[in-house]
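Have a look at the structure below, then the notes.
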Amino acid sequence: MTQQIEFTLPAYPYGFHLVTSQVLSQIGKLPETGILHLFIKHTSAGLTINENADASVPDDIKQFFSDWIPDHYPKFEHVYEGRDDMPAHIKSSVVGQSVSIPITNGKLNMGTWQGIYLCEFRYSGGRRKIVATILS
Amino acid sequence: MTQQIEFTLPAYPYGFHLVTSQVLSQIGKLPETGILHLFIKHTSAGLTINENADASVPDDIKQFFSDWIPDHYPKFEHVYEGRDDMPAHIKSSVVGQSVSIPITNGKLNMGTWQGIYLCEFRYSGGRRKIVATILS
Amino acid sequence: MTQQIEFTLPAYPYGFHLVTSQVLSQIGKLPETGILHLFIKHTSAGLTINENADASVPDDIKQFFSDWIPDHYPKFEHVYEGRDDMPAHIKSSVVGQSVSIPITNGKLNMGTWQGIYLCEFRYSGGRRKIVATILS
């Protein structure tokens, strides 16, 4: 009883963007019990779960990540796709390209403060493709 | 044939805590083949798998993470929930809020040295809610 | 309808190694729709997805990770298994020990530039055991 849908999120600027409601509007009715698996088909973006309440949280994560992996890291050799490309690849593997969330009683069973974030690690990443798979 | 149970782990101090046996005692009989998916319903804690033998391993990971994301990072704006809050949010997205482990012949099919860790990233995080979903 | 197979990847040197074709050759025919879950049974290696085209990308990730967690980090206590052991444990929890990839129309539904990487974090890690579980 696996359901699957592929959809596209609009272009977002560099940073962490709450997309819980956009995702829910795409996937339709959920089963009683199962797992929602979300996968982003890109290597310079990611998906994560973090606090959904105060916008200073994703802003601080973005700032910390920018400081941690600077655009002009002197040892990077892969620079011809732009100074933000190699940092984006590393951040993508660090946060990961999928999240999986339990479904309970027909709803996503996240904590009160949890939301789904699109992690856009490029300065002009464009639209991003997501595959949602519902296992039940 | 999806099974699911939600349970609470007791409060742990800041650090990485081996919880394999606590998890197993909660989830009961496993199917012959499948996946155990564990999800923590919090954004300042995480779940990971790491060495289950020598306590100096989780201690060193904790130390490294503490040095890497210091409590008083000068650029953090989200500080009103405590100096440990913003580092906890970042660490949570770095290690992740779920683990999924194969089930083979009715048992978790981890390596000899693998154990499940609760990553408590707050100094007083309190009890933590876990959702265990068994897909088979 | 869960299928599962356990296989071994040959020893790789320290670094990130594209193993998409090796994985596909092991797992055989995929179902129409589902999830491929890959799990590495080790705590000093990992699995991730990243760019499959230019070898400078995995080389730069390796370089950045080596600089970030140096072998002789002065606060590490767990040093008796080798100077590369503790950095390997941390990197393993950062990139993670599993990846899960959607299956659509009987094929892995990754983006054009995505490939599966074995992350070998030890200098002589030896052969690595993988469990592939196909949920459909």
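Protein chains in written order, with the numbering used here: chain B, 4 to 139; chain D, 4 to 139; chain L, 4 to 139.
For glycine and all other residues, C-beta sits at the position ideal for the given N, C-alpha and C.
Using a Cβ-Cβ cut-off of 9 Å, residue 138(D) is close to 37, 38, 138 and 139 of chain B, given in chain order. DSSP lists 122(B) as the bridge partner or partners of residue 49(B). Interface annotation, residue 99(L): in contact with chain D, CB-CB separation under 8 Å. Chain L has no Cβ within less than 8 Å of the Cβ of residue 67(B).
Each of 29(D), 39(D), 98(D) and 57(D) was checked against the Cα of residue 137(D), and the nearest Cα belongs to 39(D). Residue 43(D) is positioned such that its CB atom lies closer than 8 Å to that of residue 133(D). With 16 or more other Cβ atoms inside 10 Å of its own Cβ, residue 5(D) counts as buried. Close to chain B, meaning a Cβ-Cβ distance shorter than 9 Å, are the following residues of the stretch 49 to 76 of chain D: 71, 72 and 76.
Pairing residue 55(B) with residue 23(B) gives a Cβ-Cβ distance under 8 Å. The C-alpha of residue 61(L) is placed about 17 Å away from the C-alpha of residue 124(B). Here residue 127(L) is exposed, its C-beta having fewer than 16 other C-beta atoms within 10 Å. Chain D has a Cβ within less than 8 Å of the Cβ of residue 46(L). Every beta strand (DSSP E) stretch that sits fully inside the stretch 43 to 121 of chain D and reaches 3 residues is listed by chain position as 48 to 54 and 101 to 107. Taking the Cα of residue 7(B) as reference, the smallest distance to any Cα among 109(L), 95(L), 84(L) and 115(L) is reached at 109(L). Any Cβ of chain B closer than 8 Å to the Cβ of residue 103(L) would place that residue at the interface, and such an atom is present.
Residues of the stretch 105 to 119 of chain B with a C-beta less than 9 Å from any C-beta of chain D: 105, 106, 107, 112, 113, 114, 115, 116, 117 and 118, listed in chain order.
Residue 45(D) is a Cβ neighbour of residue 114(B), given a cutoff of 8 Å.
For residue 71(B), the closest of 93(D), 41(D) and 21(D) by C-alpha to C-alpha distance is 93(D). DSSP places residue 23(D) in the helix class (H, G or I) of the three-state scheme. Taking a Cβ-Cβ threshold of 9 Å, the residues of chain B close to residue 79(D) are 59, 63, 66 and 67, in chain order. With fewer than 16 other beta carbons inside 10 angstroms of its own, residue 77(B) counts as exposed. In this model, residue 12(D) and residue 88(D) are separated by some 20 Å (Cα to Cα). For residue 92(B), the closest Cβ of chain L is nearer than 8 Å. Around the beta-carbon of residue 105(B), 16 or more other beta-carbon atoms lie within 10 Å, marking it buried.
Spanning the alpha carbons of residue 30(L) and residue 130(L) requires a straight line of approximately 18 Å. No Cβ-Cβ contact shorter than 8 Å links residue 96(L) with residue 119(D). Residue 131(B) is bridged by DSSP to 12(B). Within chain D, the residues placing a beta-carbon under 7 Å from that of residue 96(L) are 51, 53, 64 and 98, ordered along the chain.
With fewer than 16 other beta carbons inside 10 angstroms of its own, residue 28(D) counts as exposed. Contact annotation: in the stretch 16 to 27 of chain B, no residue has its CB less than 8 Å from a CB in chain L. Residue-level contact by beta carbon holds for residue 5(D) and chain B, with a gap shorter than 8 Å. Beta-bridge annotation (DSSP): residue 137(L) is paired with 6(L) and 39(L).
Taking a Cβ-Cβ threshold of 9 Å, none of the residues of chain L is close to residue 32(B); the smallest such distance is about 17 Å. At a cut-off of 8 Å, the C-beta of residue 124(L) has no neighbouring C-beta in chain D.
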